[in-house]
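Chemist:
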Amino acid sequence: MGNRHWTIATGLGLMLAIAPSLLPPPAPAVQFPDGTVAFTSPPRLAEFRASRDLTGARNVTYYFTITLPEEAEEALATLDITLIEGSPQGLRYRLEETAAFQGTYGDRGEAIPVATATYDRDEQRFTLTLAEPAAPGQDITVALRPVQNPLWEGVYLFELEASPAGDLVRSQRVGTARMHIYSRDRPFRLF
């Protein structure tokens with residue numbers, strides 16, 4: 055009985071050594087029958103940070119850091135950030151001040167040129183398109199500048215979706231960023 059397992063294992067080992075040469079090369083990414091392309095392994099939200107957390111604060115930046123894994127096999131071209139909970143009237147942004155860079159908030163790398171930054175106030179969706187899609191295997195941070203923080207304290211949720219480069223692509227969910235906004239008259243916090 056022990057020999058039979060050894061023979062099967064040896065046979066599988068031989069088969070695995072031969073099989074890769076018989077297989078076609080792997081596809082560059084997920085491609086659906088209609089030609090739509092998607093990330094093989096989608097990007098994920100690694101970190102979110104607001105530079106100020108008080109109601110109505112101005113001169114604020116929201117930092118969304120996305121990890122694009124090597125396994126994504128597609129470059130990141132577009133990021134959608136939608137406010138899904140919080141302010142019923144939405145937020146306003148200084149679109150001309152939108153920036154993107156390699157790395158994280160604490161470890162900022164090279165700037166990534168932005169092609170377009172738009173905001174659909176009805177949908178409460180901010181859309182960023184990079185001038186050159188970001189290659190897999192890196193962290194990318196988007197710095198989004200609101201005109202001011204919301205006027206009401208509470209929890210605000212942003213849902214993020216990313217799309218690869220191409221004409222026919224499928225957006226994939228990246229994660230949900232949670233932002234706490236505190237009243238200006240809150241008691242002092244020790245942490």
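All residue numbers for the sequence shown refer to the numbering used here, where the first residue is 55 and numbers rise by one. Note that the Cβ used here is the ideal one computed from N, Cα and C, for glycine as well. Computed from a prediction, not measured in an experiment: that's the story for all the values here.
What is the DSSP secondary structure of residue 20, reduced to helix, strand or coil?
Modeler: The displayed coordinates of the chain run from 55 to 245. Any statement about residue 20 would go beyond what the structure contains.
Chemist: Nearest to residue 203 by alpha carbon, out of 148, 97, 159 and 119?
Modeler: The residue labelled residue 203 in the question sits at position 149 within the sequence shown. Closest by alpha carbon: 148.
Chemist: What residues match up with residue 122 in a beta bridge as DSSP calls it?
Modeler: Indexing the sequence shown from 1 puts residue 122 at position 68. According to DSSP, residue 122 bridges with 192.
Chemist: Closest by CA to residue 206, which one among 110, 231 and 103?
Modeler: Your numbering for residue 206 matches position 152 in the sequence shown. It is 110 whose Cα lies nearest to the Cα of residue 206.
Chemist: Taking just the CA atoms, how far does residue 124 sit from residue 186?
Modeler: Counted from its first residue, the sequence shown places residue 186 at position 132. Counted from its first residue, the sequence shown places residue 124 at position 70. Roughly 17 Å between the two C-alpha positions.
Chemist: Helix, strand or coil: which one does DSSP assign to residue 213?
Modeler: Counting from one through the sequence shown, the residue named residue 213 turns up at place 159. Residue 213: strand per DSSP, three-state reduction.
Chemist: Taking the alpha-carbon of residue 230 as reference, which of 89, 87, 102 and 88 has the nearest alpha-carbon?
Modeler: Translated into the one-based positions of the sequence shown, residue 230 becomes position 176. Nearest option by C-alpha distance: 102.
Chemist: Does the beta-carbon distance from residue 195 to residue 173 come in below 8 Å?
Modeler: Within the sequence shown, the letter at position 141 stands for residue 195. Within the sequence shown, the letter at position 119 stands for residue 173. Their beta carbons are not under 8 Å apart, which means residue 195 does not touch residue 173 by this criterion.
Chemist: Would you decide whether residue 133 is buried or exposed? Buried here means 16 or more other CB atoms lie within 10 Å of its CB.
Modeler: Walking along the sequence shown from the start, residue 133 turns up at place 79. Counting C-beta atoms within 10 angstroms of its own C-beta, residue 133 has 16 or more neighbours from the protein chains shown and is therefore classed as buried.
Chemist: Applying the criterion that 16 or more other CB atoms from any shown protein chain within 10 Å of the CB defines a buried residue, is residue 139 buried or exposed?
Modeler: As a working mapping, residue 139 is identified with position 85 in the sequence shown. Under this definition residue 139 is an exposed residue.
Chemist: Write down the C-beta distance between residue 91 and residue 211 rounded to the nearest angstrom, noting that I regard them as a contact closer than 8 Å.
Modeler: Taking the first residue of the sequence shown as position 1, residue 91 is located at position 37. Taking the first residue of the sequence shown as position 1, residue 211 is located at position 157. The pair is not a contact, with the Cβ atoms about 28 Å apart (cut-off 8 Å).
Chemist: Using only CA atoms, which one of 236, 136 and 153 lies nearest to residue 228?
Modeler: For the purposes of this step, residue 228 is identified with residue 174 of the sequence shown, where counting begins at 1. Of 236, 136 and 153, the residue nearest in Cα terms is 136.
Chemist: Buried or exposed for residue 119, please, with buried defined as at least 16 other CB atoms from any protein chain shown within 10 angstroms of its CB.
Modeler: If you number the sequence shown from 1, residue 119 lands on position 65. Buried.
Chemist: Just to confirm before moving on: does the CB-CB distance between residue 145 and residue 168 stay below 8 Å?
Modeler: Taking the first residue of the sequence shown as 1, we reach residue 145 at position 91. Taking the first residue of the sequence shown as 1, we reach residue 168 at position 114. Result no, Cβ atoms of residue 145 and residue 168 do not sit closer than 8 Å.
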